[in-house]
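Enquirer:
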Amino acid sequence: MNNHIQRVAHRGGSHLAPENTLAAFRHALTLPIDAIELDVHMSRDGHPIVFHDHTVDKRTNGTGNILDLDLAYLRSLNAAAHFRKASLRYSFPTGGWPEPQQIPTLREVLDLARGHVQAYIEIKPSKRNGVYGHYPNIPETVLEEVRRAGMLDHVLIISFDWPILPLIKSLEPTLQTGALVSRDVWNPHARDALDTLMGQVNALGCNWINITRDLLTPTMPTIAHNHGLKLGAWTVNNLNAMRRFAATGVDSLTSDRPDLFAKL
Numbered sequence: 005m006n007n008h009i010q011r012v013a014h015r016g017g018s019h020l021a022p023e024n025t026l027a028a029f030r031h032a033l034t035l036p037i038d039a040i041e042l043d044v045h046m047s048r049d050g051h052p053i054v055f056h057d058h059t060v061d062k063r064t065n066g067t068g069n070i071l072d073l074d075l076a077y078l079r080s081l082n083a084a085a086h087f088r089k090a091s092l093r094y095s096f097p098t099g100g101w102p103e104p105q106q107i108p109t110l111r112e113v114l115d116l117a118r119g120h121v122q123a124y125i126e127i128k129p130s131k132r133n134g135v136y137g138h139y140p141n142i143p144e145t146v147l148e149e150v151r152r153a154g155m156l157d158h159v160l161i162i163s164f165d166w167p168i169l170p171l172i173k174s175l176e177p178t179l180q181t182g183a184l185v186s187r188d189v190w191n192p193h194a195r196d197a198l199d200t201l202m203g204q205v206n207a208l209g210c211n212w213i214n215i216t217r218d219l220l221t222p223t224m225p226t227i228a229h230n231h232g233l234k235l236g237a238w239t240v241n242n243l244n245a246m247r248r249f250a251a252t253g254v255d256s257l258t259s260d261r262p263d264l265f266a267k268l
C-alpha cells in the first residue's frame, strides 16, 4: 500500500462548495488535503480563468461560450448561482450558497494555494458546436502565471488534450505533467492496450497518468511504476472506494468529497 498518497480536492471539493470558486478552495484548505485540482479556460480577451464548462449557462447566472466572453463579463457572474450541496453536513434554508462567488482568475487561485498545497491544473480545450479547439497561447499564459506565483515545483499540469503536454515540457522541462485518461481517449479492450498506453504517455514526456476510477485495475499502479510513471485515480467519492484504491498503490486520489480524507 502506498503510504504517501496525494489527497486532491477535485475542483476544490465540488460536493461541498461551488466548484472552482475561491470559497471551495478556501474550504478545501481547512481539510486534510495535499493538492487542489482546478480547470483553466481563457477569456476572449486572453485571461486564464478557473472554470470547468465551455459555457457559463449551467454553473452561473449568465449565458454564452467562454470563447465569446471577456473577463469583465465573466467576473460579473455568480458562479454559485446553481450550486446544490450534495453533502448533508451543511444546509442553507434557501438552497444554493449563501453569497455570490466570482469566477476566479488562475492567479487568484495560485496565490491562495501557494505555501499550503500543490495545484493540479487541468488545461481545457475550447469547444464550439461539438468541435474542440485550442485557446490561443494558453500553455504560455498558464506557465507565466505559475512562474509568477513561484510554484513551478508545486504544480502538476494535466489535460485530456495530450498534444499540449509535450509543448508544456518544451517550454518548462522541470514542470510535472500528466495525461488524463478516460474511455474517450483510451480503449482498455484493445490489443496490448495497457502497454500501448504506457508507451504513449512516456512518449509525451509525462510524469503521471491520471485515470478515471472506472478504468483502474489492481495491477495498474505497479505497471505504471515499472514504466517510471506515477498513477492517480479520479473521481473517488466514497470512503470504501478510497480505501480500495489506496490498497492498490495509487499515488493520488482525487475526490469531490475531500472531507472523507480525514477517515482514510
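Numbering (my numbering), first residue to last: 5 to 268.
We put the beta carbon where it would ideally sit given N, CA and C, even for glycine.
Computed from a prediction, not measured in an experiment: that's the story for all the values here.
Just how far apart, CA to CA, sit P52 and A83?
Expert: The residue labelled residue 52 in the question sits at position 48 within the sequence shown. The residue labelled residue 83 in the question sits at position 79 within the sequence shown. Straight-line Cα distance between these residues: approximately 16 Å.
Enquirer: Since R195 sits in a beta bridge, which residues does DSSP pair it with?
Expert: Here the question's residue 195 lines up with position 191 in the sequence shown. Answer is none; R195 lacks a bridge partner.
Enquirer: I'd like the ranges of any beta strand (DSSP E) spanning at least 3 consecutive residues and lying wholly in the region 235–260.
Expert: 256–259, all fully within the region 235–260.
Enquirer: Would you say L26 and L116 are within 8 Å of each other, going by their C-beta atoms?
Expert: Counted from its first residue, the sequence shown places residue 26 at position 22. Counted from its first residue, the sequence shown places residue 116 at position 112. Cβ distance < 8 Å, so L26 and L116 count as in contact.
Enquirer: Along the alpha helix (DSSP H) that carries I142, what are the first and last residues, could you check?
Expert: Within the sequence shown, numbered from 1, the residue matching residue 142 stands at position 138. I142 to A153 is the extent of the alpha helix (DSSP H) around I142.
Enquirer: Helix or strand or just coil, what does DSSP make of G203?
Expert: For this step, residue 203 is matched to residue 199 along the sequence shown. Helix.
Enquirer: Whole angstroms is fine: what's the gap from F96's alpha carbon to V54's?
Expert: Taking the sequence shown and counting its residues from 1, the one referred to as residue 96 is at position 92. Taking the sequence shown and counting its residues from 1, the one referred to as residue 54 is at position 50. Confidence is the limiting factor: at F96 the pLDDT is only 47, short of 50, which leaves the residue's position unreliable and the question unanswerable from this model.
Enquirer: Of all the alpha helix (DSSP H) runs that stay within the bounds of the region 51–122, which reach a length of 4 or more residues?
Expert: Qualifying alpha helix (DSSP H) stretches, in chain order: 75–79 and 110–117.
Enquirer: Is the number of C-beta pairs between the region 64–81 and the region 122–141 that are closer than 8 Å three or more?
Expert: Short answer: they touch.
Enquirer: Compute the Euclidean distance between the alpha carbons of F87 and E23, then round it to the nearest angstrom.
Expert: As a working mapping, residue 87 is identified with position 83 in the sequence shown. As a working mapping, residue 23 is identified with position 19 in the sequence shown. Roughly 8 Å separates the two Cα atoms.
Enquirer: Between A245, P167 and H158, which lies nearest to P143 when the distance is taken from Cα to Cα?
Expert: Against the sequence shown, residue 143 aligns to sequence position 139. The option with the nearest alpha carbon to P143 is P167.
Enquirer: With a threshold of 16 other CB atoms inside 10 Å of the CB of E103, please say whether the residue is buried or exposed.
Expert: Along the sequence shown, read from residue 1 onward, the residue named residue 103 stands at position 99. Per the 10 Å Cβ criterion, exposed.
Enquirer: I'd like to check one pair, R261 with G100: are the Cβ atoms closer than 8 Å?
Expert: To locate residue 100, count along the sequence shown from 1; it is residue 96. To locate residue 261, count along the sequence shown from 1; it is residue 257. Cβ distance not < 8 Å, so G100 and R261 don't count as in contact.
Enquirer: Do you know offhand how far V185's Cα is from A85's?
Expert: By one-based count along the sequence shown, residue 185 stands at place 181. By one-based count along the sequence shown, residue 85 stands at place 81. Each residue's Cα considered, the two are about 30 Å apart.
Enquirer: Indicate whether the contact test is met: 3 or more Cβ pairs, each with one atom in the region 217–229 and one in the region 157–165, closer than 8 Å.
Expert: Verdict: no, contact absent.
Enquirer: Could you give the C-beta distance for A123 and I40, rounded to a whole number, given that I count them as a contact under 8 Å?
Expert: The residue labelled residue 123 in the question sits at position 119 within the sequence shown. The residue labelled residue 40 in the question sits at position 36 within the sequence shown. Contact flag correct, Cβ pair sits at about 6 Å.
Enquirer: In the DSSP assignment, the beta strand (DSSP E) including S174 goes from what residue to what residue?
Expert: Numbered from its first residue, the sequence shown carries residue 174 at position 170. Note, S174: premise wrong, no beta strand (DSSP E); alpha helix (DSSP H) at I168 to L175.
Enquirer: Considering only C-alpha positions, which residue in the set H138, K234, L78 and V146 is nearest to H182?
Expert: Numbered from 1 along the sequence shown, position 178 holds the residue referred to as residue 182. Per the sequence shown, the amino acid found at residue 182 is Gly instead of His. Comparing Cα positions, the closest option is K234.
Enquirer: Beta carbon of R118, beta carbon of M155: below 8 Å?
Expert: Taking the sequence shown and counting its residues from 1, the one referred to as residue 118 is at position 114. Taking the sequence shown and counting its residues from 1, the one referred to as residue 155 is at position 151. A contact, by the Cβ cut-off of 8 Å.
Enquirer: Label G236 either buried or exposed according to how many other C-beta atoms from any shown protein chain fall within 10 Å of its C-beta, with 16 as the threshold for buried.
Expert: Counted from its first residue, the sequence shown places residue 236 at position 232. It counts as buried.
Enquirer: Quick one, which of L35, A207 and H56 has its alpha-carbon nearest H120's?
Expert: Looking up residue 120 in the sequence shown gives position 116. For H120, the nearest C-alpha among the options comes from L35.
Enquirer: State the start and end residues of the unbroken alpha helix (DSSP H) segment that holds T226.
Expert: Counting from one through the sequence shown, the residue named residue 226 turns up at place 222. M224 to N230 is the extent of the alpha helix (DSSP H) around T226.
Enquirer: Please confirm whether G209 and P170 have their CB atoms less than 8 Å apart.
Expert: Mapped onto the sequence shown, residue 209 falls at position 205. Mapped onto the sequence shown, residue 170 falls at position 166. It is a contact, given that the beta carbons lie within the stated cut-off.
Enquirer: Tell me, to the nearest whole angstrom, how far the beta carbon of H231 is from that of N211; I am working on the premise that it is less than 8 Å.
Expert: Against the sequence shown, residue 231 aligns to sequence position 227. Against the sequence shown, residue 211 aligns to sequence position 207. In fact, because the Cβ distance is near 11 Å, the residues do not count as touching under 8 Å.
Enquirer: Quick test of your reading: I127 and V60, contact by CB under 8 Å. State the CB separation rounded to the nearest angstrom.
Expert: Translated into the one-based positions of the sequence shown, residue 127 becomes position 123. Translated into the one-based positions of the sequence shown, residue 60 becomes position 56. Not confirmed; about 19 Å, so no contact.
Enquirer: Who are K131's beta bridge partners in DSSP?
Expert: Numbered from 1 along the sequence shown, position 127 holds the residue referred to as residue 131. BP columns for K131 point to Y136.
Enquirer: N24 bridges to which residues according to DSSP?
Expert: Translated into positions along the sequence shown, residue 24 becomes position 20. Paired residue(s): none; N24 is not in a bridge.
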